[in-house]
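Okay, so here's the structure we're looking at.
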Amino acid sequence: MSQMHSASFGSQNQGFQVGQSYGSINTEFHLPPERPETPPKPFATIPFSRDLDFVDRGDILDQVDRRCSEPAARVALVGLGGVGKSQLVIEFAHRIAAGQSWVFWVHAGTQARVEEGFRMIADAVKLRGRNQPKADIPQLVYSWLSNERSGRWVMILDSADDRDVFYNANSAHGPTSDDTFDRRPLATYLPQSRNGSIIITTRDKDLAFRLIGRRQNMIEVGPMVQTEALTLLEKKLGSLPDMDVAAALVEALDFVPLAISQAAAYIQARAPRSSPEKYLAEFRENEHKRARLLGYDGGDLRRDGGASNALLTTWQISFDHIRTKRRTAADLLSLMSFFDRQGIPGWVLKPPRTITDTARVQDTDAAGDVESDNRGDTTDDDTDDVADDALDGRFEDDVAMLRDYCLIVADEAGDEFEMHGLVQLSTRRWLEVYGEQETFKQQYIERIATSFPTGEYENWAQCRSLFAHVQVALGYRPSENTAVRWAKLLHNGGRYAWSQGRYEVAQQMVGKARRVRGKRLGEEDVATLDSMSLFALVQKDQGRWKEAETLQVQVMEMSKKVLGDEHPDTLTSIANLASTYGNQGRWKEAETLEVQVMEMYKKVLGDEHPETLNSIANLASTYWNQGRWKEAETLDVQVMETSKKVLGDEHPDTLTSIANLA
1 MSQMHSASFG SQNQGFQVGQ SYGSINTEFH LPPERPETPP KPFATIPFSR DLDFVDRGDI
61 LDQVDRRCSE PAARVALVGL GGVGKSQLVI EFAHRIAAGQ SWVFWVHAGT QARVEEGFRM
121 IADAVKLRGR NQPKADIPQL VYSWLSNERS GRWVMILDSA DDRDVFYNAN SAHGPTSDDT
181 FDRRPLATYL PQSRNGSIII TTRDKDLAFR LIGRRQNMIE VGPMVQTEAL TLLEKKLGSL
241 PDMDVAAALV EALDFVPLAI SQAAAYIQAR APRSSPEKYL AEFRENEHKR ARLLGYDGGD
301 LRRDGGASNA LLTTWQISFD HIRTKRRTAA DLLSLMSFFD RQGIPGWVLK PPRTITDTAR
361 VQDTDAAGDV ESDNRGDTTD DDTDDVADDA LDGRFEDDVA MLRDYCLIVA DEAGDEFEMH
421 GLVQLSTRRW LEVYGEQETF KQQYIERIAT SFPTGEYENW AQCRSLFAHV QVALGYRPSE
481 NTAVRWAKLL HNGGRYAWSQ GRYEVAQQMV GKARRVRGKR LGEEDVATLD SMSLFALVQK
541 DQGRWKEAET LQVQVMEMSK KVLGDEHPDT LTSIANLAST YGNQGRWKEA ETLEVQVMEM
601 YKKVLGDEHP ETLNSIANLA STYWNQGRWK EAETLDVQVM ETSKKVLGDE HPDTLTSIAN
661 LA
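The letter at position 175 of the sequence shown is residue 175 when you use full-length UniProt numbering, and the numbering goes up by one with no holes.
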């Protein structure tokens, strides 16, 4: 039993006071009805003042204006963080704020911020029922926006970078009558009413497409063009005394607006001890200094309070998001950050094929036709095919995600990719935070070393497409496990550079390869001798005869000792020494060695082997330099005819033989 006593709460409310209760008690509270509020006239809720340093970006704002003039328009500005998407929309919002339209600004970085933005809209337009305890604010706002009598409106969803904010079905929006929650994604509360437009800024193309429904209404915002970048720098710093330095600075910053603004803030904060020229010089010194400068946060009144103003931090937020959502895509980005920024070939990035598939090829090479051993049994083949298809599919999905976040760009054919240099730098610094920079650097060395062939003519096309990436590898320090592979890569890259007449690069590459091979493999190892021989040729072609001769004598003696007098590598070393003698006008010494080499090649390799033909051509050249024209002509004709037969009319050696005869 319970004892109850009557109680009153003012003139219009009554209730009961319970002394003791042994059962459930139900009660109701009757709140006074909301007072009707006068609907306000349309106004703008823009949280940022107009930017006096704003630089117009071609026709982007005109495109936004045209699209927003259509009924139920939706348009998205898509691009990397820091390229100025929000700044463009701030300017657009201020331009249209003077009209008879509502302008609502919603920060869309998190679910809580979006719901806060909807609450602000409800307060701004004084929606009836918004203050009720169980008020479904998103639904109230949706209904008001969908009503054409509410007037013309524009909603800006800024920094909508996370798909889960809009499409996570587990998010709760508004209690129902039984105190459970209606699990409707936030995206369903964005109306498609004729009287409104929605403008979205995002780093994610896929999310942009989901929210706006038409790729034609996605406007990609990239870095500035040079004139825009220089204008921005001048507005931030005042007059620029040296336009060449200014142009070099904005180019070094990849024309990214946030990078330029923060560089200007850094220079101003340290003036007069800093200037564009000093900043540029420091930026160019090394990667560590570049990262320090790009990590500077000078503040910006027109960026959301939760957003970093430091470029590296801004991009690393995207990296963290990708790492959380799709680790393999983050790993692909990490690997790509060590390539040259342009012409990154997709076939090099793809994961290796299955081990069993490789082993099957090797077994076939070793044992010939193996069909009889596996007749009717395709289980391994099918399994490998499925695994390879899965790898290819995963790779394509990873590429799609990185492209959606504007971190990489594909060429027209889709076979090669490009990254901004600052994105690569930012990725490498991000890897350093996770302690994974060295892992992906060594993975890059392994991958490019496996892909880059020897520098013979037949491989020139592939060498040409990969050479820039070999040059990048020249600046990396290999680990204990990758040092020998790195040396092989530099040797092959140096051989190709030498064949193209790029002697300084060849000297750097082959010089490092020679040192590493000598230390790791020993001075008498065949690979070490190969690098010594190539380094001597590079020296010779730069006119350093004595240095080349010293090395070539050393290589020749070691080759005879290790390989024997008749080994092709030994004969090549003798021929190289003869060539150096010839370059110094020591014709008799050169002739003696060249006759010896030619006879030995004929014996070991045969009359038509390319090395034999080269030895004959070398001897003919020596005769020519001594004025022995008839003897030279006889040999040159022989070489030309045999080269056409063996190598073809267009092979460089054939063309050289024709030129020699001429």
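Each residue gets a CB set at the ideal place from its N, CA and C atoms; glycine is no exception.
Rounded to the nearest angstrom, what separates residue 663 and D530 at their Cα positions? What the structure shows of the chain is the stretch from 1 to 662, and residue 663 is not part of that stretch, so it cannot be assessed.
Can you tell which of S337, R403, D569, T482 has the C-alpha that lies nearest to the C-alpha of Q424? Locating residue 424 in the sequence shown gives position 424, where the first residue counts as 1. Closest by alpha carbon: S337.
Verify whether the separation of the beta carbon atoms of L186 and I198 is less than 8 Å. In the sequence shown, counting from the first residue as 1, residue 186 sits at position 186. In the sequence shown, counting from the first residue as 1, residue 198 sits at position 198. Taking 8 Å as the Cβ cut-off, L186 and I198 do not qualify as a contacting pair.
Determine whether the beta carbon atoms of R194 and L80 lie at a separation below 8 Å. Along the sequence shown, one-based indexing puts residue 194 at 194. Along the sequence shown, one-based indexing puts residue 80 at 80. Taking a C-beta distance under 8 Å as the contact criterion, R194 and L80 do not qualify as a contact pair.
Which residues mark the beginning and the end of the alpha helix (DSSP H) in which S657 is found? Taking the sequence shown and counting its residues from 1, the one referred to as residue 657 is at position 657. Looking at the DSSP string, the run of the alpha helix (DSSP H) that includes S657 is 652-661.
Would V250 and L237 qualify as a contact pair, given that the criterion is a beta-carbon distance under 8 Å? For the purposes of this step, residue 250 is taken as residue 250 along the sequence shown, with counting starting at 1. For the purposes of this step, residue 237 is taken as residue 237 along the sequence shown, with counting starting at 1. Against a cut-off of 8 Å, the Cβ pair of L237 and V250 comes out as no contact.
I'd like the span of the beta strand (DSSP E) that includes F255, first residue to last. As a position in the sequence shown, residue 255 is number 255, starting the count at 1. Boundaries cannot be given for F255, as no beta strand (DSSP E) includes it and DSSP labels it neither H nor E.
Which residue marks the beginning of the alpha helix (DSSP H) containing T572, and which one marks its end? Counted from its first residue, the sequence shown places residue 572 at position 572. Taken as a continuous stretch (DSSP letters only), the alpha helix (DSSP H) holding T572 covers 568-583.
Let me confirm a value: L311 is counted as buried when at least 16 other C-beta atoms fall within 10 Å, else exposed. Which label applies? Within the sequence shown, residue 311 is the residue found at index 311, counting from 1. Around the beta-carbon of L311, 16 or more other beta-carbon atoms lie within 10 Å, marking it buried.
Nearest neighbour of S579, chosen from V597, H567, V562, A410 [CA to CA]: Locating residue 579 in the sequence shown gives position 579, counting from the first residue. Checked all of V597, H567, V562, A410; the closest Cα to S579 is V597.
Spatial distance of E480 from R514 (CA atoms): The count along the sequence shown starts at 1 and reaches residue 480 at position 480. The count along the sequence shown starts at 1 and reaches residue 514 at position 514. Separation of E480 and R514 (C-alpha to C-alpha, rounded to the nearest whole angstrom) is 16 Å.
Put I46 into one of helix, strand or coil per three-state DSSP. Residue mapping note: residue 46 aligns to position 46 of the sequence shown, counting from 1. Residue state for I46 is assigned as coil, using DSSP reduced to three classes.
Which residues bound the beta strand (DSSP E) around E416? By 1-based counting over the sequence shown, the position of residue 416 is 416. First-last of the beta strand (DSSP E) with E416: 416-418.
Out of curiosity, what's the CA-to-CA distance linking S573 and V555? The residue labelled residue 573 in the question sits at position 573 within the sequence shown. The residue labelled residue 555 in the question sits at position 555 within the sequence shown. Cα to Cα, the separation comes out at about 6 Å.
Nearest to E524 by alpha carbon, out of F54, E504, Q500, D569? Indexing the sequence shown from 1 puts residue 524 at position 524. With distances taken between Cα atoms, E524 lies closest to D569.
I'd like the list of long-range same chain contacts for residue 663, defined as Cβ closer than 8 Å, with 5 residues on each side in sequence excluded. A query on residue 663 cannot be resolved here, the shown segment of the chain reaching from 1 to 662 and no further.
Just to confirm my understanding: we take D398, look at its own chain, exclude 5 residues before and 5 after, and list those with CB closer than 6 Å. What are they? Here residue 398 is taken as the residue at index 398 of the sequence shown, counted from 1. The beta carbon of D398 lies closer than 6 Å to those of T328, A329, L332 in the same chain, with the five residues before and after it left out.
Whole angstroms is fine: what's the gap from N614's alpha carbon to P652's? Here the question's residue 614 lines up with position 614 in the sequence shown. Here the question's residue 652 lines up with position 652 in the sequence shown. Here the alpha carbons of P652 and N614 stand approximately 12 Å from one another.
Quick check on H469: does DSSP put it in helix, strand or coil? Reading the sequence shown from its first residue, position 469 is the one you call residue 469. H469: helix per DSSP, three-state reduction.
Once you ignore the five residues that flank V125 on each side, which residues in its own chain have a CB closer than 8 Å to its CB? If you number the sequence shown from 1, residue 125 lands on position 125. The beta carbon of V125 is closer than 8 Å to those of P39, P40, W102, W144, S150 in its chain, skipping five residues each way along the sequence.
Output needed for E566: all residues of its chain with C-beta closer than 7 Å, excluding positions within five of it in sequence on either side, in chain order. Indexing the sequence shown from 1 puts residue 566 at position 566. Within the same chain, Cβ atoms closer than 7 Å to the Cβ of E566 are found at M600, V604, the five residues on either side in sequence being excluded.
According to DSSP, is S239 part of a helix, a strand, or is it coil? Taking the first residue of the sequence shown as position 1, residue 239 is located at position 239. Coil.
Three or more C-beta pairs below 8 Å linking the region 436-453 and the region 469-476: Touching, yes.
Using 8 Å as the threshold, is the region 530-546 in touch with the region 507-521, meaning 3 or more CB pairs across them? The region 530-546 makes contact with the region 507-521: 3 or more CB pairs, one atom from each, lie closer than 8 Å.
Candidates K350, D136, I121, Y623: closest to E396 by CA position: Here residue 396 refers to the residue found at position 396 when the sequence shown is read from its first residue. Of the candidates K350, D136, I121, Y623, the one whose C-alpha sits nearest the C-alpha of E396 is K350.
With 16 other CB atoms within 10 Å as the buried threshold, where does A246 fall? Walking along the sequence shown from the start, residue 246 turns up at place 246. Label assigned to A246: buried.
Would a C-beta distance cut-off of 8 Å place M640 and I658 closer than the cut-off? Translated into the one-based positions of the sequence shown, residue 640 becomes position 640. Translated into the one-based positions of the sequence shown, residue 658 becomes position 658. Taking 8 Å as the Cβ cut-off, M640 and I658 qualify as a contacting pair.
Let me check one thing: in DSSP terms, what residues is I198 bridge-paired to? Translated into positions along the sequence shown, residue 198 becomes position 198. Answer is R74, M155, bridged to I198.
For R67, count neighbouring C-beta atoms within 10 Å of its own C-beta (all shown protein chains included) and say buried if the count is 16 or more, exposed if not. To locate residue 67, count along the sequence shown from 1; it is residue 67. With a 10 Å radius around the Cβ and a threshold of 16 neighbouring Cβ atoms, R67 comes out buried.
Am I right that P257 and M224 are in contact with their C-beta atoms under 8 Å? What's the rounded C-beta distance? Here residue 257 is taken as the residue at index 257 of the sequence shown, counted from 1. Here residue 224 is taken as the residue at index 224 of the sequence shown, counted from 1. Indeed, because the Cβ distance is near 6 Å, the residues count as touching under 8 Å.
Best match in E633, G606, E631, Q626 for proximity to V646 [C-alpha to C-alpha]: Here residue 646 refers to the residue found at position 646 when the sequence shown is read from its first residue. Checking every option, the nearest Cα to that of V646 belongs to G606.
Could you give the first and the last residue of the continuous alpha helix (DSSP H) run that contains F104? For the purposes of this step, residue 104 is taken as residue 104 along the sequence shown, with counting starting at 1. Taken as a continuous stretch (DSSP letters only), F104 belongs to no alpha helix (DSSP H), being part of the beta strand (DSSP E) at 102-107.
Using alpha carbons as the reference points, say which of L489, D51, S499 lies closest to E456. Working through the sequence shown from its first residue, we reach residue 456 at position 456. Nearest option by C-alpha distance: S499.
Given 8 Å as the limit, is there contact between the region 618-625 and the region 580-588, that is, 3 or more CB pairs closer than that? Contact annotation: the region 618-625 touches the region 580-588, with at least three C-beta pairs closer than 8 Å.
Terminal residues of the continuous alpha helix (DSSP H) containing M556? Taking the first residue of the sequence shown as 1, we reach residue 556 at position 556. Unbroken alpha helix (DSSP H) run through M556: 545-562.
Are the beta-carbon atoms of A497 and A487 separated by less than 8 Å? Here the question's residue 497 lines up with position 497 in the sequence shown. Here the question's residue 487 lines up with position 487 in the sequence shown. The answer is no: Cβ separation not under 8 Å.
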